[in-house]
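>
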Ligand code: MG
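In this note's numbering, the protein residues as written are 344 to 681.
Here it is as structure tokens:
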């Protein structure tokens, strides 16, 4: 280990995932151990998910130390996901992070979950200054860096794109993504669903209602899946294209759980080519919520002295991406490109 290398442990617990990652200031991910709570039926119940997190936590933390070969005394910071997310879930991660920080007497780092999705994307794809499409079960937004922050160019006005597809899958008894997308490949007939792009913002709740109604009225499942997938992804592609044209940047980065979708990648890729830009996609293991992204963003914040006291470490269920000042934005290039 180089003498000035700094190692940070990061804890993710905004929703269904409890994850612990360990990252170093040389840009290495030393551990990424995650456990996903799956509800027996329906959506995530915040209290049940929080219970899962507190039960599994000791095991996941031990495993992260084991995988990384790092000992607690080598750590120089403890990072945690402060939001956005579900209060009960967030508090589990924050409480553990505070305890570790006090016990080891090292700085505590409060990380924005969305910023972390972007930073792990930048680290692992080596892109510099992309237009970011962040699509997941709980979040949908288009953001890009300007004047010290990730600015939100567009976002969902109601439910997240991933939530729309997952809820449809559950109600249609085929399960969550990628199942609706797989069924869509057998679709032939296209139904017009309410395509709602308002400025740079998108809305998916009307699409979900209409798709479920079609199904109830006897439309073929595969056809509804096909119409749903094409409509939702076209909307995401359209707003990403607008942000790309507006910012005149030359990279698009897709992060979040839905970045695994083959069809979404295809559509965005086609659009990106027309603009002579490059498409980057976060690697699978860092697509969904994970501890590594929190650890890595923790490293960046530690290097730029963005730490908090225990008193300042309250969780923020509505923590917005654009609240965070990115002191490290350009500095990270020295680390990841060297
Ligand atoms: Mg997420």
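All C-beta atoms in this analysis are idealised placements derived from N, C-alpha and C, irrespective of residue type, glycine included.
Under the criterion of a Cβ to heavy atom distance below 7 Å, does residue 689 qualify as lining the ligand MG?
In the structure as shown, the chain starts at 344 and stops at 681, and residue 689 therefore has no counterpart that could be examined.
> Report the CB separation of residue 530 from residue 501 in whole angstroms; it is logged as a contact under 8 Å.
As a first step, residue 530 must be located in the chain shown, where it is residue number 187. As a first step, residue 501 must be located in the chain shown, where it is residue number 158. Contact between residue 530 and residue 501 is absent: CB atoms are separated by about 25 Å, not below the 8 Å threshold.
> Might you give, ordered along the chain, the residues of its own chain that have their beta carbon closer than 6 Å to the beta carbon of residue 421, omitting 5 neighbours on each side?
As a position in the chain shown, residue 421 is number 78, starting the count at 1. Within the same chain, residue 421 has close Cβ partners 352, 440, 443, 444, 451.
> Check whether chain B comes within 8 Å of residue 666, counting only Cβ atoms and requiring the distance to be less than that.
Among the chains in the structure shown there is no chain B, since it carries only a single protein chain.
> Entirely within the stretch 576-604 and at least 3 residues each: give me those beta strand (DSSP E) ranges in chain order.
594-598
> Locate the beta strand (DSSP E) running through residue 485, then write down its first and last residues.
As a working note, residue 485 is residue 142 in the chain shown. Run containing residue 485: 483-489, per the beta strand (DSSP E) assignment.
> Could you tell me whether the Cβ atoms of residue 648 and residue 362 are closer together than 8 Å?
Mapped onto the chain shown, residue 648 falls at position 305. Mapped onto the chain shown, residue 362 falls at position 19. In this structure, residue 648 keeps its C-beta atom at 8 Å or more from the C-beta atom of residue 362.
> What are the complete alpha helix (DSSP H) segments, minimum 4 residues, inside the stretch 348-428?
389-411
> For the stretch 559-577 against the stretch 494-511, do three or more pairs of beta-carbon atoms, one drawn from each stretch, fall closer than 8 Å, so that the two count as touching?
yes
> Should residue 622 and residue 611 be called a contact, given that it needs their Cβ atoms to be closer than 8 Å?
Sequence index remark: in the chain shown, residue 622 carries index 279 (1-based). Sequence index remark: in the chain shown, residue 611 carries index 268 (1-based). With respect to residue 611, residue 622 sits close: the two C-beta atoms are nearer than 8 Å.
> Sorry if obvious, but does the Cβ on residue 395 come closer than 7 Å to a heavy atom of the ligand SAH?
The ligand SAH is not part of the structure shown, which contains the ligand MG as its ligands.
> Specify the secondary structure class of residue 544 as computed by DSSP and reduced to three states.
If you number the chain shown from 1, residue 544 lands on position 201. Looking at residue 544 - three-state DSSP - the assignment turns out to be strand.
> How is residue 506 classed by DSSP in three states: helix, strand or coil?
Here residue 506 refers to the residue found at position 163 when the chain shown is read from its first residue. Correct three-state label for residue 506: helix.
> Could you please give me the residues that DSSP links to residue 498 through a beta bridge?
Position 155 of the chain shown, counting from 1, holds the residue named residue 498. Paired residues: 484.
> Label residue 355 either buried or exposed according to how many other C-beta atoms from any shown protein chain fall within 10 Å of its C-beta, with 16 as the threshold for buried.
Along the chain shown, one-based indexing puts residue 355 at 12. Buried.
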